[in-house]
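Written out below as structure tokens is the structure these notes cover.
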Amino acid sequence: MARLFPDLTDEQVDKAAIEHAGLDDLDMRKVEAHIALAVGNGRLSPQPDQPVEFLKRFRCVVEVGGTLRPTISGLLMFSSDPQAFLPHAVVGLGHFSGVGIEQGEAIHLGRCSGTLHEQIDAAFKYLWTNIRHGFSLEDSPRRVEHPEYPRVALRELTVNAIAHRDYNNDGHYSRITMFGDHIEWVSPGGLAGDVTVENIIQSQYNRNPTIAELLYQGGYIERFGLGLDMVARELEKAELPPLRMRDTGGAFSVTLYGSDAPGSRAQTPFRQLLLEHARQHRQLTMDDVRKLNDEQREYRSERSLRYDLRSLVEAGFLRRVGQSRDTAYVPVEDNNALSG
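First residue of the sequence shown? That's 4 in our numbering, and the numbers climb one at a time after it.
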């Protein structure tokens with residue numbers, strides 16, 4: 004893995020100067036528009052007198068040998084062509100008709116480039132435009148929309164993948180991939196600091212503190228790590244499965260499963276594993292579910308595991324038999340296996 008700045012810690016990278024870039028490589032109109040927006044929404048005070056003052060204050064430019072040089076943050080937020088200096092700072096966007104890359108045709112393959120907020124806007128627009136948007140007429144003649152995925156989840160997960168990735172790693176770019184039943188966000192670098200999949204909701208660590216501050220000023224993120232909390236609440240409200248998160252060290256991935264016919268909704272990879280176990284052994288217990296989860300080495304809470312079981316039951320794949328400690332789940336085609 005190639006490192007732009009091998010001697011810098013994570014939180015120092017977005018303030019590092021790119022020595023072959025100059026102040027002229029930043030678009031001052033973008034800086035002025037950002038300042039006006041940040042002041043207008045109450046996220047920047049006091050208002051700087053000049054754009055360069057703002058850039059210095061928030062480490063978007065630093066002095067190197069008596070010359071102001073843009074930093075990674077400055078280029079990613081305000082350059083007219085950030086990829087001229089940071090070609091890896093893009094988002095790969097793929098869209099496939101099936102539930103895997105090999106299981107369906109490619110509908111779209113491309114990249115989102117430009118500044119970070121331009122990448123966020125472009126990726127989110129594609130996702131929101133291309134998910135299914137059902138609707139119903141409930142207690143009034145007004146149409147009530149039921150999108151396949153909550154809008155806030157699509158936006159927050161896109162922002163997170165772009166804002167918190169490792170920009171010191173110049174060998175990989177962020178990826179967002181849409182499938183028939185889920186969307187996956189992959190960020191280079193894995194989780195930073197002391198954040199783990201298990202404590203990610205409670206822990207706070209900004210790999211890119213300057214970028215995070217600038218995106219906060221622009222209204223793209225909130226302080227205090229509220230994004231994933233908000234996503235979790237929206238998924239629960241929409242009766243969707245919890246996020247699936249995985250950290251390999253080299254990358255961090257988040258998978259969001261959407262609403263569909265119950266049978267399709269049940270077929271997440273882990274639920275397929277549960278169903279295969281139930282069919283092979285003619286039953287499935289909660290202890291079996293926990294053991295299979297441990298073998299996957301991917302964090303799922305007890306609540307998530309019970310949600311997986313309930314979804315398989317509601318979809319008609321499994322049937323619950325017994326009570327309390329004797330409770331087991333049998334495949335529907337074998338629903339007499341534990342009777343008597």
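Cβ atoms here follow ideal geometry from the backbone N, Cα and C, with glycine treated the same way.
Straight-line CA distance for K294 to I104?
Numbered from 1 along the sequence shown, position 291 holds the residue referred to as residue 294. Numbered from 1 along the sequence shown, position 101 holds the residue referred to as residue 104. Taking the straight line from one Cα to the other gives about 29 Å.
List the residues that DSSP assigns as beta-bridge partners of T74.
Here residue 74 refers to the residue found at position 71 when the sequence shown is read from its first residue. Looking at the DSSP assignment, T74 forms a beta bridge with A20.
Am I right that D28 and S82 are in contact with their C-beta atoms under 8 Å? What's the rounded C-beta distance?
On the sequence shown, position 25 is the one that residue 28 refers to. On the sequence shown, position 79 is the one that residue 82 refers to. Rounded, the Cβ-Cβ distance is 6 Å, consistent with contact.
Between the CA atoms of V292 and E239 - distance to the nearest angstrom:
Locating residue 239 in the sequence shown gives position 236, where the first residue counts as 1. Locating residue 292 in the sequence shown gives position 289, where the first residue counts as 1. Roughly 21 Å separates the two Cα atoms.
Go ahead and pull the three-state DSSP assignment for H175.
Reading the sequence shown from its first residue, position 172 is the one you call residue 175. If DSSP states are grouped into helix, strand and coil, H175 belongs with coil.
CA-to-CA distance, R236 to G174, given in whole angstroms:
Start at 1 with the first residue of the sequence shown, and residue 174 comes out as number 171. Start at 1 with the first residue of the sequence shown, and residue 236 comes out as number 233. Looking at the two C-alpha atoms, the distance is approximately 35 Å.
Quick check: Q220 and L47, are their CB atoms within less than 8 Å of each other?
Position 217 of the sequence shown, counting from 1, holds the residue named residue 220. Position 44 of the sequence shown, counting from 1, holds the residue named residue 47. For Q220 and L47, yes; Cβs fall inside 8 Å.
Alpha carbon to alpha carbon, how far is S177 from Q122? Give it in angstroms, no decimals.
Walking along the sequence shown from the start, residue 122 turns up at place 119. Walking along the sequence shown from the start, residue 177 turns up at place 174. Approximately 11 Å between the Cα atoms of the pair.
Please list the terminal residues of the continuous beta strand (DSSP E) segment that includes Y332.
By one-based count along the sequence shown, residue 332 stands at place 329. Looking at the DSSP string, the run of the beta strand (DSSP E) that includes Y332 is A331 to P334.
In DSSP terms, what D197 is bridged to
Taking the first residue of the sequence shown as 1, we reach residue 197 at position 194. Looking at the DSSP assignment, D197 forms no beta bridge with any residue, so it has no partner.
Taking the runs of the alpha helix (DSSP H) that are 4 residues or longer, which of them lie wholly in the region 221 to 259?
229 to 240
With which residues is I186 paired in a DSSP beta bridge?
Position 183 of the sequence shown, counted from the first residue, corresponds to residue 186. M181 and L259.
Nearest to A87 by CA position, among E66, P51 and G25, is which residue?
Residue 87 sits at position 84 when you count from the first residue of the sequence shown. Ranking the options by Cα distance to A87, first place goes to G25.
Taking C-beta to C-beta, are I214 and L79 nearer than 8 Å?
Locating residue 214 in the sequence shown gives position 211, where the first residue counts as 1. Locating residue 79 in the sequence shown gives position 76, where the first residue counts as 1. Taking 8 Å as the Cβ cut-off, I214 and L79 qualify as a contacting pair.
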